[in-house]
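Position 5 of the sequence shown, counting from 1, maps to 5 under the UniProt record's numbering, and the rest follow consecutively.
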Amino acid sequence: MFSAFLRIGELCNLRFSDVRFKGEDVWWLKIRRSKTDQKGLGSAVAFRLKGDALMLWTRFRELHSQNPQEDFIFSNSRGGPSSRDYIARRIKRTLADAGLQHRNLTLHSFCGGATTTAIRAGVDPSNVMRVGRWKFQKSFLCYVEPSPL
Numbered sequence: 001m002f003s004a005f006l007r008i009g010e011l012c013n014l015r016f017s018d019v020r021f022k023g024e025d026v027w028w029l030k031i032r033r034s035k036t037d038q039k040g041l042g043s044a045v046a047f048r049l050k051g052d053a054l055m056l057w058t059r060f061r062e063l064h065s066q067n068p069q070e071d072f073i074f075s076n077s078r079g080g081p082s083s084r085d086y087i088a089r090r091i092k093r094t095l096a097d098a099g100l101q102h103r104n105l106t107l108h109s110f111c112g113g114a115t116t117t118a119i120r121a122g123v124d125p126s127n128v129m130r131v132g133r134w135k136f137q138k139s140f141l142c143y144v145e146p147s148p149l
């Protein structure tokens, strides 16, 4: 979620075929539809995976190596996409199991954390807006944490 600035609804509908390795540490993610793409035109996001994140993704893919490419990454028991509520509960439980409940993280924390990290690293705000699929600066700015000057 963090590396690709994903929203929870986008995460629910991801299929294995939507994630493509492009070389080095660059990956592309096809987002078929999101709340910022009501016409369903889809979009692609490039992101980097390295270190622990890459190791976890690689292990996850090994565990699911027999899954057809069109399977949902997070499928329900019938093979369809998991609901937003189910994914939200699983993320909250995982954060609690990791001892992070005191941090008061929400589902927006991933996207907000990625946004703030990019801005603090000096990435041009227009590029962050493009990757995060924000059309309006006012919406985008809600995700940027305050930083001391």
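All C-beta atoms in this analysis are idealised placements derived from N, C-alpha and C, irrespective of residue type, glycine included.
- Scanning the UniProt domain "Tyr recombinase" (1-149) from its first residue to its last, the whole beta strand (DSSP E) runs of 3-plus residues come out as 19-23, 26-31 and 43-48.
- Going by C-alpha positions, Thr36 is about 30 Å away from Gly51.
- Between Gly80 and Phe74, the gap from beta carbon to beta carbon reaches 8 Å or more.
- As the crow flies, the alpha-carbon of Leu100 is around 9 Å from that of Thr94.
- By the beta-carbon neighbour count (other beta carbons within 10 angstroms, threshold 16), Met55 is exposed.
- A straight-line Cα-Cα distance of about 12 Å links Glu145 and Phe110.
- Looking only at Gly23, Ile91, Ser147 and Arg133, the smallest Cα-Cα distance to Ser34 is reached by Arg133.
- Cβ neighbours of Phe136 within its own chain (closer than 6 Å, five residues either side excluded): none.
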